[in-house]
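For reference, the structure is listed below as structure tokens.
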Amino acid sequence: MIHFRSKLPKTETTIFTVMSALATEYNAINLSQGFPDFDSPPQLIDLVGSFMKQGKNQYAPMAGLLILRNQIAEKVELLYNTSYDPETEITITAGGTQAIFTAIAATIIPGDEVIIFEPAYDSYAPSIKLLGGLVKPFELVPPDYKIDWDMVKKLISSRTRMIILNSPQNPTGVILDEEDIKQLISITKGTDILILSDEVYEHLVYDDRQHLSMARYPELKERSFVTVSFGKLFHTTGWKLGYCLAPEILMNEFRKVHQFLVFSVNTPMQYAIAEFLKNTGYYTELNSFFQQKRDYFRDLMQQTRFELLPCYGSYFQCASIKNITEEKDIDFVQRLTKEHQVAAIPASAFYNRGNDYGIVRFCFAKKQETLEKAVNLLAKV
Ligand code: PMP
Ligand code: GLN
């Protein structure tokens, strides 16, 4: 028998995998793992097929197709009024997760401290730990999950290497506002602290609010990796494609890792996305498409005993279960899946210490009929 030391002894299979498997086993409606149950634009699918038939099936350049990087540069300029050089400051990745891991791997050395805001997407902490970094979680609490920047300041030390932000945030749907940005600029000014800004839900911001990308602010842009996922943009989570924006000095380091982690990513899809992105209306109208879903789901949920928290962005709706049960959130979602045939995610899974505030997360990126069927079942809980 061989002996070895686990690099992540406390890490278990992700909650998304666990809950989706349970949903399948119990034939439940799956509002747990975040993915749409509707298709991506047919024109985009046709483009992929057409580029495959044209023989675009070999390695793409390491940083991604230049025509796609050009389109992304135009998109970023249009949305955030800033420019990234497609040659040196944009890299196409295998989804947001790889971009996040690569940015961490390129910059974190053993002993570096990284601040994350919990509840946090579950890939951050293990990625930091794998690289020998130390996770410094800042715990946000319901219902508003507001960041107390004076307290954040106390977490910062001479070893703080990076702050990871995620706006709109998964799972809370909370977004950064101008005051947060002001504080962030002030906290990082004169330091070498890097920012990893996970902006995969950049287009899913509601009620006429604006997404405040790090790219908009020169003082933040110069120290930021901005990571984005095409999975959220085109309802294609299974394609695992995304990109990273960063100033050249940071992108140089990013590419040193990227080239040996994946080298390059899916070629025909890059061609198809480059072509499809020329239609700027598609992404500028995406928020109203998802806002309708959010509003519809929230309205339907009024007939249940779940108490809804605010949702300003993302495709997740958090709800308190305190009117329903005193069970642990993880026990509740398992029972919900098995007995009521609706799967959700327990918010405690997004905290390092498993903080349980009796909050569960539903994904509303679903067809109207799916939401109706799910809420009919949730109304009986
Ligand atoms: N960050 C957040 C906050 C996410 O919710 C997700 C996935 N849904 C990702 C990153 C990863 O994106 P991808 O599937 O493109 O790797
Ligand atoms: N980001 C998705 C979610 O939050 C799932 C991603 C995954 O399954 N790894 O549900």
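Convert by adding 558 to the 1-based position in the sequence shown; the result is the number in the numbering used here. Glycine is no exception: its CB is placed at the ideal position from the N, C-alpha and C atoms. Owing to the predicted nature of the structure, the values given are computational and were not obtained by experimental measurement.
For V758, the Cβ falls inside the 6 angstroms cut-off from some heavy atom of the ligand PMP. Using a cutoff of 6 angstroms, the CB of T571 does not count as near the ligand PMP, since none of the ligand's heavy atoms is closer than that.
DSSP, reduced to helix, strand and coil, places N845 within a helical segment of the structure shown. Annotation for L605: A830, E833, F834 place their beta carbon closer than 7 angstroms to its own, counting only its chain and skipping 5 residues before and after.
For the segment 782-855, the full-length alpha helix (DSSP H) segments reaching 4 residues or more read 788-791, 806-819, 825-834, 838-842 along the chain.
N728 counts as buried, since no fewer than 16 other beta carbons sit within 10 angstroms of its beta carbon. Of the other Cβ atoms in all chains shown, fewer than 16 fall within 10 Å of the Cβ of P668; this residue is therefore exposed. In the pairwise beta carbon analysis, the segment 781-796 is classified as touching the segment 650-659: at least three pairs are separated by under 8 angstroms. Note on E737: under 16 other CB atoms within 10 angstroms of its CB, so exposed under the neighbour-count rule. In terms of CA proximity to L762, L844 leads the group D735, H793, G592, L844. Counting C-beta atoms within 10 angstroms of its own C-beta, F562 has fewer than 16 neighbours from the protein chains shown and is therefore classed as exposed. If the five residues before and after I733 are omitted, its C-beta is found closer than 8 angstroms to the C-beta atoms of S725, P726, Q727, V763, R767, H769, L770, Y870, G871, all from its own chain and listed in chain order.
As a beta-bridge residue in DSSP terms, A877 pairs with L866, V918.
If you check the C-beta of G592 against the ligand GLN, you find a heavy atom less than 6 angstroms away. A distance below 7 angstroms between beta-carbons, with the five flanking residues on each side excluded, links E760 to the following residues of its chain, in chain order: H769, S771, V786. Judged by DSSP in its simplified three-state form, A652 adopts coil rather than helix or strand. Look at S782: its beta carbon is at least 6 angstroms from all of the heavy atoms in the ligand PMP. In this structure, G653 has its beta carbon less than 6 angstroms from a heavy atom of the ligand PMP. Separation of the CB atoms of G592 and C921 is rounded to 5 angstroms, and the pair is thereby assigned contact status at 8 angstroms. Given a length threshold of 3 residues, each whole run of the beta strand (DSSP E) inside the segment 591-655 is given here in chain order: 648-651. By the Cβ neighbour-count rule, T651 is buried, with 16 or more other Cβ atoms within 10 Å of its own. Per DSSP, the unbroken beta strand (DSSP E) holding N724 starts and ends at 718-724.
In the pairwise beta carbon analysis, the segment 894-905 is classified as not touching the segment 812-824: fewer than three pairs are separated by under 8 angstroms. The criterion of a C-beta distance shorter than 7 angstroms is satisfied by P695 and E676. The ligand GLN has a heavy atom closer than 6 angstroms to the beta-carbon of F574. Residue pairing by DSSP places G871 opposite V763 in a beta bridge. Beyond the five residues adjoining it in sequence on each side, M809 comes within less than 7 angstroms, by CB distance, of T646, E647, T649 in the same chain, given in chain order. By the criterion of at least three beta-carbon pairs nearer than 8 angstroms, the segment 604-624 is not in contact with the segment 700-718. Boundaries of the beta strand (DSSP E) harbouring F675: 671-676, taken from the DSSP string. Taking C-beta atoms under 8 angstroms as the contact rule, K880 and E865 qualify, at a distance of about 7 angstroms. Per DSSP, L688 is one residue of the alpha helix (DSSP H) stretching across 682-688. V699 carries a coil assignment under DSSP once its states are collapsed to helix, strand and coil.
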